Amino acid sequence: MTLRVPLPDNNHLTLISVYAPTLDSEDDVKESFYATLNSIIQAVPSRDKLLVLGDFNARVGRDYRLWEGIPGNQGLGSCNSNGLLLPGLCAENELVITNTLFRLPNRHKTTWKHPRSKHWTILDYILTRSRDRSDVLVTRSMPGADDCWTDHRLLISRLRLRLRNLLRHNRPAKRARRFDVARLKIPEVREDYANRLTELLGETPPPAQQPDSVEADWSVFRDNISKAAEDAVGYCRRSHQDWFDQNDASIQELINQKRFCPPRMGKSPHPRLPATLQEGKAGVPAKAPRAAESLVAI
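In full-length UniProt numbering, the protein residues as written are 1 to 298.
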């Protein structure tokens, strides 16, 4: 059974409930089950949170090194043949077995009691995507939670889902285009804009002057202003200014002044030359950042 639960900001949680073939089932039955489950998991959108939960009739055991990153180091007992099929499914779909991640008393790990030996083991599991393992606060069984006799314990997971704002994330960023209002200083452009706006407003029916039509009237008025400005004024052109080129003359003058002083000081020392050299040395590092900052501020 599959259930897709809608979450805020266009997120979803997909729940897949399963009951796997028992240990003594035919191999082709087991292979068919895991092939079907694998296709269902792969059909889940990759952006969805995912929980696969149910009775897998599998003992994964405690040897977590055999399947690195899939079971944790808090498993119990030994592995059986079904316990090899389950980690294989997890490896193919990048899932983690949450039961084995948390250090708990054994009675909070085990989910099924063997009818003859009366020993408790783990057959029920809750799986989630490896990338979302931090969403799982704990997965544990609940001894005594059932009101009728059963050989299984209730298994729960407490989650804190970290959701992404997919609506905002998927919305392409739009750069606002700005009208070149500086061109309105040109009399011809200003007159052209006024004529176009007058013409557009003259073609527009008069406002209905009804409370429920205010928004519609404003939209028409706004569109007319924008259309006239677009045709007569146009938009600002983006320019990639180079702060060094704009201030090249003043910076180059300081550099030349700095280079000119040492030879002159050697030939005919002048009281003013050392001070001029210091001004040149201090001026270049100070002038360049100020030039860059002035451009950024524009």
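All residues carry an ideal CB built from backbone N, CA and C; glycine is no exception.
Please read all numbers here as calculations on a predicted model, not as lab measurements.
Note that the stretch 51-59 touches the stretch 72-82; at least 3 beta-carbon pairs, one per stretch, sit closer than 8 Å. The C-beta of residue 236 has fewer than 16 other C-beta atoms within 10 Å across all chains shown, which makes the residue exposed.
For residue 234, the three-state secondary structure derived from DSSP is coil. Three or more beta-carbon pairs separated by less than 8 Å are not found between the stretch 97-107 and the stretch 26-41, which leaves the two stretches without contact. For the set 159, 120, 85, the Cα lying nearest the Cα of residue 98 is the one of 159. Leaving aside the five residues that flank residue 203 on each side, none in its chain has a CB nearer than 6 Å to its CB. In this structure residue 115 is exposed. Its beta-carbon is surrounded by fewer than 16 other beta-carbon atoms within 10 angstroms. Exclusion of the five residues before and after residue 93 leaves 41 as the residues of its chain whose Cβ lies within less than 6 Å of its Cβ. Taking a cut-off of 8 Å on C-beta distances, the stretch 119-139 does not touch the stretch 179-195, as fewer than three cross pairs fall below it.
In this structure, the alpha-carbon of residue 9 lies about 13 Å from that of residue 161. Residue 61 has its alpha-carbon roughly 24 Å from the corresponding atom of residue 135. Judged by DSSP secondary structure, residue 157 falls within the beta strand (DSSP E) whose first and last residues are 154-159. Sequence-distant partners of residue 32 (beyond 5 residues in either direction) whose C-beta falls short of 6 Å from its own C-beta are missing from its chain. Residue burial annotation: residue 138 is exposed, with fewer than 16 other C-beta atoms found within 10 angstroms of its C-beta. Going by DSSP, residue 128 is part of no alpha helix (DSSP H) but of the beta strand (DSSP E) stretching over 124-129. Around the beta carbon of residue 124, 16 or more other beta carbons lie within 10 angstroms, which makes this residue buried. Excluding residues up to 5 positions away in sequence, 54, 55 lie with their Cβ nearer than 7 Å to the Cβ of residue 19 in the same chain.
Taking 8 Å as the cut-off, the Cβ atoms of residue 44 and residue 14 count as close. Non-local C-beta neighbours of residue 224 in its own chain, meaning closer than 8 Å and more than five positions away in sequence, comprise 197, 200, 201, 204, ordered along the chain. Taking the Cα positions, residue 11 is about 14 Å away from residue 3. In the three-state reduction of the DSSP assignment, residue 15 falls in the strand class, which pools E and B. Here the alpha carbons of residue 220 and residue 1 stand approximately 52 Å from one another. In the three-state reduction of the DSSP assignment, residue 49 falls in the strand class. The secondary-structure analysis by DSSP pairs residue 97 across a beta bridge with 71, 127.
With contacts defined as CB atoms closer than 8 Å, residue 151 and residue 113 qualify as a contacting pair. In the structure shown, residue 6 falls within a strand segment according to DSSP collapsed to helix, strand and coil.
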